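Q: Numbering-wise (this note's numbering), the sequence shown opens with residue 9 and increments by one. Every residue gets a Cβ at the ideal spot worked out from N, C-alpha and C, and that includes glycine. Predicted, not measured: the structure shown is a model, and the values here were computed from it. Sharing a structure, written as structure tokens. Questions coming.
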Amino acid sequence: EYIQFHVDARVQAKKDRNFETADKIRLDLAQRFDVMINDKMKLWSIGGQFEELGGKMGKPRGVYTRRGALGDLTPEDEDTVSKMIADRYHAKKQKNFDVADEIRDDLLSKYNVRIDDRSNEWRVDTEDYAMAGTNSLTEDEVAFIDGKLKERFYFKRERQFEEADEIRDHLQERFGIQVDDRVKEWYVDSLLSGVGVAEVEEDDASIDE
């Protein structure tokens, strides 16, 4: 009901030629709910999948995707950040670059959020890494991996690259883990190698030695 209400409000805004409001509604729905709107067919879809088109719509301009972990952000903070990013896009569109820069600076100072305009992505500047994709790992294994990636982050920050690489290689060998440092995400790209919780604890001790 919330989505349909705002889709209808956007239609009315366009009829009233209030295109700025219409664009803000479209961006808000895309940022918060992954809603894509096809104006030609007068349809909306979560995720942009339209059976009538036989495919998936691309992401509209001004929509930024979050990458990596949320850090200390709450769900309410995430909503606020999404709205601020949408406001920044509109400011840039109107050539209000001072306003856009002020919003960018506020995002960094208040929420530790960095924006990548080239990839249309944003992320929280945190030592945590986010798990991407699906896998068959247990909660204990995920906790182990998260802990090791946090250790690796500190090693890299202290320029102890040999120790950082050792952790990366160990996780890749044991779990098939691939790490994307640019967006602070990790994922399993092969089947779990059958390491149990007891073995994980042993491996933990071996790395610490």
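Please confirm if the stretch 117-124 is in contact with the stretch 144-151, defined as three or more CB-CB distances below 8 Å between the two stretches.
A: Segments in contact, no.
Q: How about Asp190 and Ala172: do their beta carbons lie closer than 8 Å?
A: Here residue 190 is Arg; the residue named in the question, Asp, does not match the sequence. Result no, Cβ atoms of Arg190 and Ala172 do not sit closer than 8 Å.
Q: Applying the 10 Å Cβ sphere with the 16-neighbour rule, what's the burial state of Gly155?
A: Exposed: under 16 other Cβ atoms inside 10 Å.
Q: For Arg74, name the three-state secondary structure that DSSP assigns.
A: In this structure, Arg74 counts as strand in the three-state DSSP scheme.
Q: Measure the alpha-carbon distance for Asp24 versus Val187 and round it to whole angstroms.
A: Taking the straight line joining both Cα atoms gives about 49 Å.
Q: For the stretch 129-138 against the stretch 74-86, are there 3 or more C-beta pairs whose distance is under 8 Å?
A: They touch, by the three-pair rule.
Q: According to DSSP, simplified to helix, strand and coil, what is Arg165?
A: Helix, per DSSP.
Q: Would you mind sorting Ile11 into buried or exposed? The rule is 16 or more other CB atoms within 10 Å of its CB.
A: Burial call: exposed.
Q: Report the partner residues of Gln252 according to the DSSP bridge assignment.
A: Look at the range of the chain in this structure, 9 to 217, and you will see that residue 252 is not part of it.
Q: What residue range does the beta strand (DSSP E) around Asp133 cover?
A: Per DSSP, Asp133 belongs to no beta strand (DSSP E) and is neither H nor E.
Q: What separation, rounded to the nearest whole angstrom, lies between the Cα atoms of Leu102 and Lys50?
A: With the sequence shown as reference, residue 102 is identified as Gln, and Leu is not the correct amino acid for it. Roughly 27 Å between the two C-alpha positions.
Q: Spell out the partners DSSP gives Asp124 in its beta bridges.
A: Asp124 pairs with Glu129.
Q: With 16 other CB atoms within 10 Å as the buried threshold, where does Val205 fall?
A: With a pLDDT of only 44 at Val205, under the threshold of 50, the placement of this residue in the model should not be trusted, and no figure is reported.
Q: What span of residues does the alpha helix (DSSP H) with Leu81 cover, start to end?
A: Careful: Leu81 lies outside any alpha helix (DSSP H) and carries neither H nor E.
Q: Return yes when the C-beta of Gln186 is under 7 Å from any heavy atom of the ligand ADP, and no when it is not.
A: Of the ligands one can find in the structure shown there are none, so the ligand ADP has no counterpart to examine.
Q: Can you tell me the Cα-Cα spacing of Asp177 and Gln168, whole angstroms?
A: If I take the Cα positions, the gap works out to 15 Å.
Q: Rounded to the nearest angstrom, what separates Val196 and Ala108 at their Cα positions?
A: Whole-angstrom Cα-Cα distance: 37 Å.
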